[in-house]
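Each residue of the sequence shown is one higher than the last, beginning at 448 in the working numbering.
Each residue gets a CB set at the ideal place from its N, CA and C atoms; glycine is no exception.
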Amino acid sequence: MDAPRDDHRLSENGNGNGCGEADGRLSKRPRPHPAPISAAEIVEEFSHNDPAVARVNNGSFGCCPASVLAAQLRWQRLFLRQPDEFYFSSLQPSLTRSRSLVLELINAAHLDEVSLVDNATTAAAIIFQHVAWSFIEGAFNPGDAVVMLHYAYGAVKQSIHAYVARAGGHVVEVPLPFPLSSPDEVVAEFRRTLGLCRAGGRRVRLAVIDHITSMPCVVIPVKELTRICREEGVDQVFVDGAHSIGNVEVDVQDIGADFYTSNLHKWLFCPPSVAFLHTRGSPAATPSLHHPVVSHEYGNGLPLESGWIGNRDYTPQLVVPAVVEFVERFEGGLEGIRRRNHEKVVEMGKMLAESWGTLLGCPPEMSCSMIMVGLPGCLGISSETDAMKLRALLRDEFKIEVPIHYQSPPKDGEAAGATDESGATVTGYARISHQVYNVEDDYCRLRDAVHKLVRDGFSCIQSTEEGIQHSSKREAAIGFQSRFPKHGGCGKFERPLGPGNGPIWPKTGLSWVRWMAHATTWSHIKRWHRLRLSLPGGLGDGTIGN
448 MDAPRDDHRL SENGNGNGCG EADGRLSKRP RPHPAPISAA EIVEEFSHND PAVARVNNGS
508 FGCCPASVLA AQLRWQRLFL RQPDEFYFSS LQPSLTRSRS LVLELINAAH LDEVSLVDNA
568 TTAAAIIFQH VAWSFIEGAF NPGDAVVMLH YAYGAVKQSI HAYVARAGGH VVEVPLPFPL
628 SSPDEVVAEF RRTLGLCRAG GRRVRLAVID HITSMPCVVI PVKELTRICR EEGVDQVFVD
688 GAHSIGNVEV DVQDIGADFY TSNLHKWLFC PPSVAFLHTR GSPAATPSLH HPVVSHEYGN
748 GLPLESGWIG NRDYTPQLVV PAVVEFVERF EGGLEGIRRR NHEKVVEMGK MLAESWGTLL
808 GCPPEMSCSM IMVGLPGCLG ISSETDAMKL RALLRDEFKI EVPIHYQSPP KDGEAAGATD
868 ESGATVTGYA RISHQVYNVE DDYCRLRDAV HKLVRDGFSC IQSTEEGIQH SSKREAAIGF
928 QSRFPKHGGC GKFERPLGPG NGPIWPKTGL SWVRWMAHAT TWSHIKRWHR LRLSLPGGLG
988 DGTIGN
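Here is the structure:
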């Protein structure tokens, strides 16, 4: 259905779909358009993006064009104008139309296999709740296993432990190397882990496989891993394709997993947030699948349960027809967008790796519209905290948004890690994205920002040490001022602390703040107070206020 216009009411039967097809089905080929969308029109569609920011992180939150946002607003106004009519006459037919379009996009066999939910995390909760109840009700035995990749998304990992482990399941992680040179490495580790489960007498009830891992970002051979699961007797397979639809081809019949989910707001241009959950076979095959938010639709099948979880904004789920119209404005439709994004992100990734003297985290065939690019080892990324610190620095100082991945160096006995051209171990990777709104200058800005940090001698290690020193000085000074207000303390400082260390305490070689941090007796404090008052300005060079 077309997003309703403000000047007429939505028809109850919901005819018309915004895709130029009378029966609501998506054409197999992109619909002919008078002219492909122009560069100027793309800029206009995404003019709400901050123009000052080089946004090479489409993966986290996606992007929604202005035409789709306008369609969403029309749906919202329609609901607010007459909520009862909208609920009783329009909501479910419109959700069905969106589900029908998703069915075409993912090549599902039956409409009842497709449900719309908030996001992939919600879909995962539906599956893990189903597994947990299987343990609780005795269908599964305590100690039966759920297998997931080591690089599974953090929220999915937490959900597995929250639902499955608490119910008696045993969680097994498949260790994956990184960087990767071939899909065969993933297949070998996955097969080896299932073999260990079998040798240990554990029955694997569920395998959770990412189609595209989040951090680090790699396209996983899900079809082959699903086939291995069938060979090894794994009960069910759940593919977490949070980044997949609009990014890589998704053919759920070809993949053959029992459950598949993907967000529509990441790479398919929907507003946040909406995802689909595909369940293979009829709803009768999985009657224990339920939405974790229980409404009066409970027991009527997952599509209906998910289609009403109480009064909320359902408009992100209703604009799929408008999204289809948007993507068909591009040459080649969705497939053309995917192909160009992949080609461009590989080109930009190679440019950055060559400029920085590093490497790509995987071969181009294992990347999608995102790719991992090694950062110079001299940046000193040695923890997840360092990675977040560098990301914040790039955002705050350079107006560049890009996720940073920390890759721990190899342990003793492990194969040597990747190195840059200077021989330093590469422990940090930038995950760059390419979407239709990106331009080459976005990546040149990232390239130049990293070069500037290297030239300036920036290091996360040095930055951390300076932060600790700065914190120690502040804590010591605040401690003195608050504990001894009668002896020079006023409870606060008029000026912020600066990088200087202040006057040196006689015979100790310590700055006054460092000496204060070591002072343990009141006599020491009084001695410092006398020296403090004898110095010009009462605070020596005023370092306490720099």
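Original post:
Which two residues bound the contiguous alpha helix (DSSP H) that contains Y707?
Top reply: Here residue 707 corresponds to residue number 260 of the sequence shown, with the count starting at 1. From DSSP, Y707 is part of no alpha helix (DSSP H) but of the beta strand (DSSP E) over 706 to 710.
Original post:
Would N588 be called buried (16 or more neighbouring beta carbons within 10 Å of its own) or exposed?
Top reply: One-based indexing of the sequence shown puts residue 588 at position 141. Of the other Cβ atoms in all chains shown, fewer than 16 fall within 10 Å of the Cβ of N588; this residue is therefore exposed.
Original post:
Thinking C-beta only, is D705 closer than 8 Å to R677?
Top reply: Taking the sequence shown and counting its residues from 1, the one referred to as residue 677 is at position 230. Taking the sequence shown and counting its residues from 1, the one referred to as residue 705 is at position 258. Against a cut-off of 8 Å, the Cβ pair of D705 and R677 comes out as no contact.
**OP:** Have a look at L893, S537, L542, S855 and flag the residue whose alpha-carbon is nearest the alpha-carbon of D843.
**Re:** Counted from its first residue, the sequence shown places residue 843 at position 396. Of the listed residues, the one whose Cα sits closest to D843 is L893.
Original post:
Thinking C-beta only, is F723 closer than 8 Å to L711?
Top reply: Taking the sequence shown and counting its residues from 1, one reaches residue 711 at position 264. Taking the sequence shown and counting its residues from 1, one reaches residue 723 at position 276. The answer is yes: Cβ separation under 8 Å.
Original post:
Counting pairs of beta carbons, one from the region 792 to 812 and one from the region 545 to 555, are three or more of them closer than 8 Å?
Top reply: Result no; under three Cβ-Cβ pairs closer than 8 Å.
**OP:** Might you give, ordered along the chain, the residues of its own chain that have their beta carbon closer than 7 Å to the beta carbon of V684, omitting 5 neighbours on each side?
**Re:** Looking up residue 684 in the sequence shown gives position 237. Setting aside the 5 residues that flank it on each side, V684 is surrounded in the same chain by A654, I656, T673, C676, A704, D705, each with a C-beta closer than 7 Å to its C-beta; the list follows chain order.
**OP:** Could you tell me which residues DSSP pairs with S814 in its beta bridges?
**Re:** Your numbering for residue 814 matches position 367 in the sequence shown. In the DSSP assignment, S814 forms no beta bridge with any residue.
Original post:
In or out: K713 buried (at least 16 other Cβ within 10 Å) or exposed?
Top reply: Position 266 of the sequence shown, counted from the first residue, corresponds to residue 713. Buried: at least 16 other Cβ atoms inside 10 Å.
**OP:** Count the other C-beta atoms from every protein chain shown that fall within 10 angstroms of the C-beta of R544, then say buried if there are 16 or more, exposed otherwise.
**Re:** Along the sequence shown, read from residue 1 onward, the residue named residue 544 stands at position 97. Buried.
Subject >> Exposed unless 16 or more other CB atoms sit within 10 angstroms - verdict on Y853 >> reply: Your numbering for residue 853 matches position 406 in the sequence shown. Classification of Y853: buried, given that the 10 Å Cβ count is 16 or more.
Original post:
In this structure, does DSSP put Q909 in helix, strand or coil?
Top reply: Walking along the sequence shown from the start, residue 909 turns up at place 462. DSSP places Q909 in helix when its eight states are reduced to three.
Original post:
For C907, which residues of its own chain have a beta-carbon under 7 Å away from its beta-carbon, when the five flanking residues on both sides are left out?
Top reply: Working through the sequence shown from its first residue, we reach residue 907 at position 460. So the qualifying residues of the chain are L826, G827, I828, S829, D833, K836, L837.
Subject >> Reduced DSSP secondary structure (H/G/I, E/B, other) of E618 >> reply: As a first step, residue 618 is located in the sequence shown; it is residue number 171 there, counting from the start. Reading off the sequence shown, one finds Val at residue 618, where the question assumed Glu. In this structure, V618 counts as strand in the three-state DSSP scheme.
Subject >> Endpoints, the beta strand (DSSP E) within which A592 is located >> reply: Start at 1 with the first residue of the sequence shown, and residue 592 comes out as number 145. Boundaries of the beta strand (DSSP E) around A592: 592 to 596.
Subject >> Beta-carbon proximity list for S562, same chain, < 6 Å, skipping 5 on both sides >> reply: Numbered from 1 along the sequence shown, position 115 holds the residue referred to as residue 562. Residues of the same chain with a CB within less than 6 Å of the CB of S562, apart from the 5 flanking positions on each side, are L724, L749, P750, S753 in chain order.
Original post:
Are I818 and V792 touching if we call contact CB-CB under 8 Å?
Top reply: One-based indexing of the sequence shown puts residue 818 at position 371. One-based indexing of the sequence shown puts residue 792 at position 345. Yes; because the gap between Cβ atoms is below 8 Å, this pair is in contact.
Original post:
Which value, in whole angstroms, describes the spacing of the CA atoms of L822 and V766?
Top reply: Within the sequence shown, residue 822 is the residue found at index 375, counting from 1. Within the sequence shown, residue 766 is the residue found at index 319, counting from 1. In this structure, the CA atom of L822 is about 39 Å from the CA atom of V766.
**OP:** Can you give me the Cβ contacts of P719 inside the same chain, cut-off strictly under 6 Å, excluding the 5 residues immediately before and after it?
**Re:** Within the sequence shown, residue 719 is the residue found at index 272, counting from 1. Excluding sequence neighbours, P719 sits near H712.
Original post:
Quick one: what does DSSP say I553 is sitting in, helix, strand or coil?
Top reply: The residue you call residue 553 lines up with position 106 of the sequence shown. Look at I553 here: in three-state DSSP terms it is helix.
Original post:
Do you know how far the Cα of E620 is from the Cα of L643?
Top reply: Position 196 of the sequence shown, counting from 1, holds the residue named residue 643. Position 173 of the sequence shown, counting from 1, holds the residue named residue 620. Looking at the two C-alpha atoms, the distance is approximately 11 Å.
Subject >> Nonlocal neighbours in the same chain, by C-beta distance under 6 Å from D698, ignoring five residues either side >> reply: Here the question's residue 698 lines up with position 251 in the sequence shown. Excluding positions up to five away in sequence, the list reads N554.
**OP:** Compute the Euclidean distance between the alpha carbons of S581 and V681, then round it to the nearest angstrom.
**Re:** The sequence position of residue 581 within the sequence shown is 134, counting from 1. The sequence position of residue 681 within the sequence shown is 234, counting from 1. If I take the Cα positions, the gap works out to 15 Å.
**OP:** Assuming V996 and Y890 form a contact by the criterion Cβ under 8 Å, report the distance between their Cβ atoms to the nearest whole angstrom.
**Re:** For residue 996 there is no data in the structure shown, the boundaries of the chain being 448 and 993.
Original post:
Of all the options R546, S606, E584, Y600, which has the alpha carbon lying nearest to the alpha carbon of I573?
Top reply: Here the question's residue 573 lines up with position 126 in the sequence shown. Ranking R546, S606, E584, Y600 by CA distance to the CA of I573 puts S606 first.
**OP:** Locate the beta strand (DSSP E) running through A567, then write down its first and last residues.
**Re:** Walking along the sequence shown from the start, residue 567 turns up at place 120. Not the beta strand (DSSP E): A567 falls in the alpha helix (DSSP H), residues 567 to 583.
Original post:
Do N747 and H881 have their C-beta atoms within less than 8 Å of each other?
Top reply: What you label residue 747 is simply residue 300 of the sequence shown in a count that begins at 1. What you label residue 881 is simply residue 434 of the sequence shown in a count that begins at 1. Against a cut-off of 8 Å, the Cβ pair of H881 and N747 comes out as no contact.
Original post:
Which whole-angstrom value describes the C-beta separation of R785 and S816, a residue pair presumed to lie in contact below a C-beta threshold of 8 Å?
Top reply: Counted from its first residue, the sequence shown places residue 785 at position 338. Counted from its first residue, the sequence shown places residue 816 at position 369. Right, the Cβ-Cβ distance comes to about 7 Å (below 8 Å), so this counts as a contact.
Original post:
Is it true that the region 660 to 671 meets the region 590 to 598, where meeting means three or more beta-carbon pairs spaced less than 8 Å apart?
Top reply: A contact exists between the region 660 to 671 and the region 590 to 598.
Original post:
Which value, in whole angstroms, describes the spacing of the CA atoms of A517 and V820?
Top reply: Position 70 of the sequence shown holds residue 517. Position 373 of the sequence shown holds residue 820. Rounded to the nearest whole angstrom, the C-alpha separation of A517 and V820 is 36 Å.
Original post:
Are G824 and D859 touching if we call contact CB-CB under 8 Å?
Top reply: Looking up residue 824 in the sequence shown gives position 377. Looking up residue 859 in the sequence shown gives position 412. Not closer than 8 Å, so no.
Subject >> Closest residue to T568 among F905, A689, D701 (Cα-Cα distance) >> reply: As a working mapping, residue 568 is identified with position 121 in the sequence shown. When each option's Cα is compared against that of T568, the closest is A689.
**OP:** Look at the alpha carbon of P768 and the alpha carbon of G780, and state the distance between them as a whole number of angstroms.
**Re:** As a first step, residue 768 must be located in the sequence shown, where it is residue number 321. As a first step, residue 780 must be located in the sequence shown, where it is residue number 333. Those two C-alpha atoms are separated by around 14 Å.
Original post:
If you measure from the beta carbon of R677 to each beta carbon in chain C, is any gap under 8 Å?
Top reply: Checking the listed chains, one finds no chain C in this structure; it contains a single protein chain.
Subject >> C-alpha gap between S929 and Q909, whole angstroms >> reply: Your numbering for residue 929 matches position 482 in the sequence shown. Your numbering for residue 909 matches position 462 in the sequence shown. Here the model assigns S929 a pLDDT of 45, short of 50, so the residue's position is not dependable and the matter cannot be decided.
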